[in-house]
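Novice: To convert, count from 1 in the sequence shown and add 531; that's the numbering used here.
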Amino acid sequence: MRKSQKIGMRGAMCRLFGIWFLGFGICGAADDGEFPRPPEDVLEVQIALARRNISSGPIDGKFGAQTRAALIAFQEEQSLDATGRLNEETRAALALAAPSLTTRIVTAGDIASLRPVPPTWLGKSQQPSLDYATALEMAAEQARAHPALLRQLNPNMVWEKIEPGTIIVIPDASPATRAATIHAGEKAARIIISLAEHTLQARADDGRLLAHFPVSIARKIEKRPVGTLRVKTIAPNPNYTFDPEIFTESEEARELGRKLIIPPGPNNPVGLVWIGLDKSGYGIHGTPEPEKVGRTESHGCFRLANWDALALVELVEIDTEVIVLP
532 MRKSQKIGMR GAMCRLFGIW FLGFGICGAA DDGEFPRPPE DVLEVQIALA
582 RRNISSGPID GKFGAQTRAA LIAFQEEQSL DATGRLNEET RAALALAAPS
632 LTTRIVTAGD IASLRPVPPT WLGKSQQPSL DYATALEMAA EQARAHPALL
682 RQLNPNMVWE KIEPGTIIVI PDASPATRAA TIHAGEKAAR IIISLAEHTL
732 QARADDGRLL AHFPVSIARK IEKRPVGTLR VKTIAPNPNY TFDPEIFTES
782 EEARELGRKL IIPPGPNNPV GLVWIGLDKS GYGIHGTPEP EKVGRTESHG
832 CFRLANWDAL ALVELVEIDT EVIVLP
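#1: Taking 8 Å as the cut-off, decide whether the C-beta atoms of Glu783 and Trp690 are in contact.
#2: List the endpoints of the continuous beta strand (DSSP E) containing Phe773.
#3: Sorted by chain position, which residues of the same chain lie with C-beta nearer than 7 Å to Ile603's C-beta, five sequence neighbours on each side aside?
#4: State the DSSP-derived secondary structure class of Ile748, mapped to helix, strand or coil.
#5: Might you give, ordered along the chain, the residues of its own chain that have their beta carbon closer than 6 Å to the beta carbon of Trp805, omitting 5 neighbours on each side?
#6: DSSP on Thr621, reduced to helix/strand/coil?
#7: Run through DSSP, which three-state label would Gly696 get?
#8: For Asp736, which residues in the same chain have their Cβ closer than 7 Å to its Cβ, ignoring the five residues on either side in sequence?
#9: Using a Cβ-Cβ cut-off of 7 Å (strictly less than) and excluding sequence neighbours within five positions of Leu841, which residues of its own chain qualify?
#10: May I ask you to verify whether the region 624-635 touches the region 693-705, counting CB pairs closer than 8 Å and requiring at least 3?
#11: What are the residues that DSSP puts in a beta bridge with Phe833?
#12: Of all the options Leu661, Gln673, Leu856, which has the alpha carbon lying nearest to the alpha carbon of Arg635?
#13: Identify every residue that forms a DSSP beta bridge with Arg568.
#14: Quick check on Ser586: does DSSP put it in helix, strand or coil?
#15: On the criterion of 16 or more Cβ atoms from any shown chain inside 10 Å, does Ala727 qualify as buried, or is it exposed?
#16: List the whole-angstrom C-beta distance separating Ala624 from Leu645, where the pair is believed to meet the contact cut-off of C-beta under 8 Å.
#17: Taking the alpha carbon of Pro756 as the reference point, which residue from Val855, Val762, Asp641, Glu620 has its own alpha carbon closest?
#18: Within a Cβ cutoff of 7 Å, which residues of the same chain sit near Gly788, ignoring the five residues on either side of it in sequence?
#19: Thinking Pro589 and Ala676 are a contact (beta carbons under 8 Å), I'd like their distance in whole angstroms, please.
#20: Look at the alpha carbon of Pro819 and the alpha carbon of Pro686, and state the distance between them as a whole number of angstroms.
#21: Using the rule of at least 16 other Cβ atoms within 10 Å of the residue's Cβ for burial, across every protein chain shown, is Asn618 buried or exposed?
#22: Quick one, which of Pro797, Gln657, Phe605 has its alpha-carbon nearest Arg622's?
#23: On the CB-based measure, 16 or more other CB atoms within 10 Å of its CB, does Arg739 come out buried or exposed?
#24: With a Cβ-Cβ cutoff of 8 Å, do Glu694 and Val762 count as a contact?
#25: Would you mind reading off the limits of the alpha helix (DSSP H) that contains Leu726?
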């Protein structure tokens with residue numbers, strides 16, 4: 532079982548682990564004050580948003596386009612001026628109810644589960660599962676974080692030689708800290724995907740925002756299904772059928788000339804979730820490359836970070852409406 536230990540003082544943690552990033556703002560504010568309190572920097576803003584099911588992509592402490600889009604979604608939901616800028620009113624509304632950083636203890640089971648991911652489709656199909664390849668990949672994905680952030684939070688860590696019992700500092704966007712801001716068990720009435728904005732939003736029947744995620748869309752315009760669809764199937768931890776006809780740009784696909792079954796796991800091409808739609812071949816799914824979500828284009832489906840896909844699957848059910856806007 533994975534263990535997590537809260538850190539009561541952000542400043543104490545910084546002193547303990549020797550972390551100081553002048554341009555990053557990570558140790559500029561101590562967590563020894565009272566909660567709730569406003570976020571102090573971009574990192575804390577991203578964590579506060581993630582706790583509200585509003586994703587800025589992998590948490591990295593940098594203010595980019597996805598963080599701005601997430602901030603606008605939050606401001607609109609709170610009836611604030613939707614500027615995408617972090618003013619005092621927005622900071623107050625984003626109050627943190629618990630420390631922004633925590634620790635995770637690496638277990639023997641974590642280390643034993645790591646396995647290299649073959650580079651070829653054939654190689655992938657011959658594995659029992661496509662698990663995390665490295666401890667850094669595992670820790671980053673489970674913390675909804677960019678690997679570069681974990682390297683900065685743990686500057687003395689030798690990730691290639693990590694051992695059981697190692698303590699890793701991570702951002703805390705865990706379900707326990709999100710529970711107070713998410714209505715437990717509530718389902719979305721509809722999913723709205725904006726092709727122009729590269730965003731996916733889940734909304735309640737009364738229009739309330741339940742989730743906001745960056746999303747990748749089809750590269751080719753003719754493969755973008757504008758209109759109204761519905762959820763047809765929901766498959767956690769799915770396998771994937773590799774069809775060489777879809778990957779015409781792949782030399783290996785052309786040489787294989789046959790379909791393959793790719794086993795499940797976080798490094799499966801559709802990640803940890805498949806939400807099939809009522810248009811043949813189309814779905815919403817995870818990805819083994821969360822850093823590329825919203826920045827690259829897929830073969831036709833809607834691609835989310837694995838953690839966002841896992842959050843979405845809790846909000847949808849069979850026949851949930853999916854509206855795809857231009």
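Here a beta-carbon is modelled for each residue, glycine too, at the ideal position from N, C-alpha and C.
Specialist: Considering the structure as presented:
#1: Residue 783 sits at position 252 when you count from the first residue of the sequence shown. Residue 690 sits at position 159 when you count from the first residue of the sequence shown. Result no, Cβ atoms of Glu783 and Trp690 do not sit closer than 8 Å.
#2: For the purposes of this step, residue 773 is identified with residue 242 of the sequence shown, where counting begins at 1. Counting along the chain, the beta strand (DSSP E) containing Phe773 begins and ends at 771-773.
#3: Position 72 of the sequence shown, counted from the start, is the residue given in the question as residue 603. By the criterion of a C-beta distance shorter than 7 Å, Ile603 is surrounded in its chain by Ala613, Gly615, once the five residues flanking it on both sides are discounted.
#4: Taking the first residue of the sequence shown as 1, we reach residue 748 at position 217. Looking at Ile748 - three-state DSSP - the assignment turns out to be coil, as it is neither helix nor strand.
#5: In the sequence shown, residue 805 corresponds to position 274, counting from 1. Within its own chain, the residues whose Cβ lies closer than 6 Å to the Cβ of Trp805, once the five positions on either side in sequence are excluded, are Ala766, Pro769, Gly814, His816, listed in chain order.
#6: Start at 1 with the first residue of the sequence shown, and residue 621 comes out as number 90. Of the three classes helix, strand and coil, the one that applies to Thr621 here is helix, per DSSP.
#7: Counting from one through the sequence shown, the residue named residue 696 turns up at place 165. In the structure shown, Gly696 sits in coil (DSSP, three-state: anything other than H, G, I, E or B).
#8: The count along the sequence shown starts at 1 and reaches residue 736 at position 205. Take Asp736, set aside five residues on each side of it, and the residues of its chain with a beta-carbon closer than 7 Å to its own are Ala720, in chain order.
#9: Residue 841 sits at position 310 when you count from the first residue of the sequence shown. Within the same chain, Leu841 has close Cβ partners Leu803, Val804.
#10: Yes, since at least three Cβ pairs between the region 624-635 and the region 693-705 fall closer than 8 Å, the two stretches touch.
#11: Indexing the sequence shown from 1 puts residue 833 at position 302. Ile815.
#12: Locating residue 635 in the sequence shown gives position 104, where the first residue counts as 1. When each option's Cα is compared against that of Arg635, the closest is Gln673.
#13: Taking the first residue of the sequence shown as 1, we reach residue 568 at position 37. According to DSSP, which records beta bridges pairwise, Arg568 is partnered with Leu627.
#14: Start at 1 with the first residue of the sequence shown, and residue 586 comes out as number 55. In the structure shown, Ser586 adopts coil according to DSSP, grouped into three states.
#15: Reading the sequence shown from its first residue, position 196 is the one you call residue 727. Label assigned to Ala727: exposed.
#16: For this step, residue 624 is matched to residue 93 along the sequence shown. For this step, residue 645 is matched to residue 114 along the sequence shown. With a Cβ gap of about 40 Å, Ala624 and Leu645 do not count as contacting.
#17: In the sequence shown, the residue the question calls residue 756 occupies position 225. Considering only alpha carbons, the answer is Val855.
#18: Your numbering for residue 788 matches position 257 in the sequence shown. Result list for Gly788: Pro775, in chain order.
#19: Numbered from its first residue, the sequence shown carries residue 589 at position 58. Numbered from its first residue, the sequence shown carries residue 676 at position 145. The Cβ separation is near 6 Å, so the contact holds.
#20: For the purposes of this step, residue 819 is taken as the residue at position 288 of the sequence shown. For the purposes of this step, residue 686 is taken as the residue at position 155 of the sequence shown. Distance between the alpha carbons of Pro819 and Pro686: 25 Å.
#21: Counted from its first residue, the sequence shown places residue 618 at position 87. Here Asn618 is exposed, its C-beta having fewer than 16 other C-beta atoms within 10 Å.
#22: For the purposes of this step, residue 622 is taken as residue 91 along the sequence shown, with counting starting at 1. Checked all of Pro797, Gln657, Phe605; the closest Cα to Arg622 is Phe605.
#23: Taking the sequence shown and counting its residues from 1, one reaches residue 739 at position 208. Around the beta carbon of Arg739, a 10 Å sphere encloses fewer than 16 other beta carbons of the protein chains shown; the residue is thus reported as exposed.
#24: Working through the sequence shown from its first residue, we reach residue 694 at position 163. Working through the sequence shown from its first residue, we reach residue 762 at position 231. The Cβ atoms of Glu694 and Val762 do not sit closer than 8 Å to each other.
#25: As a first step, residue 726 must be located in the sequence shown, where it is residue number 195. Note, Leu726: premise wrong, no alpha helix (DSSP H); not H, not E.
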